[in-house]
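In the numbering used here, the protein residues as written are 3 to 212.
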């Protein structure tokens, strides 16, 4: 009987500890601006604790007499989509409105002799990409494969790319970066964080395409 009683006690203790942890986790994020339903939604969608914390920590703007033009108002569908995309895209400074999506990321290119991998060079630059929704077409959506390839979300349309630190790129790399990363590209692959379903991202974007 003693071992049985000991097992029950351990189970109850474990359950209590899990409940306390769950309460702490929820309370922490609720205090950051997410409802319990929000937390459950993002966890069900595969977000990690770190990603949910980041998403729930997006500051809430104080009420203003007139919101800044082009920025989504707090509580609007745009602000919800922006919060989601800020956590789902592998990028910084993610903003969205009825007309466009923009984000900042590190883009890299490879160049060199096609038949000699030992001489292939890689060069990277920080860029801001603007995706205009008018006439936008989604060309390819595919899930990533762990350590093999990243998810793809390839779009085509009115796109703009701005270099942020081209002056810091090595001189021998600069011409290749400019050649392979044009400022008016026909297509871009919107970067998605590992573990995020690109189809979920596409559903958010499709609402704005016209």
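Ideal Cβ positions, reconstructed from N, Cα and C, are used throughout, including at glycine. All of these numbers come straight from a predicted model, not from anything done at the bench.
With a threshold of 16 other beta carbon atoms within 10 Å, residue 127 meets it and is buried. Per DSSP, the unbroken alpha helix (DSSP H) holding residue 207 starts and ends at 200-208.
Residue range 173-182 is occupied by the alpha helix (DSSP H) that includes residue 177.
A contact is defined here as three or more CB-CB pairs under 8 Å, and the region 185-196 meets this definition with respect to the region 152-167. In its chain, beyond the 5 residues on either side, 84, 104 have a beta carbon closer than 7 Å to the beta carbon of residue 97. Counting along the chain, residue 84 sits inside the alpha helix (DSSP H) bounded by residues 79-90. In this structure, residue 133 sits near residue 159, with a CB-CB distance shorter than 9 Å. Looking at the DSSP output, residue 136 bridges to nothing.
Exposed is the label assigned to residue 110, since fewer than 16 other Cβ atoms lie within 10 Å of its Cβ. From the listed residues 80, 89, 38, 206, the smallest Cα separation to residue 197 is found for 89. Around residue 141, the same chain offers 156, 157, 158, 189 as residues with beta carbons nearer than 7 Å, after the five sequence neighbours per side are excluded. Per DSSP, the beta-bridge partners of residue 189 are 158. Counting of Cβ neighbours within 10 angstroms places residue 211 among the exposed residues, the total staying below 16.
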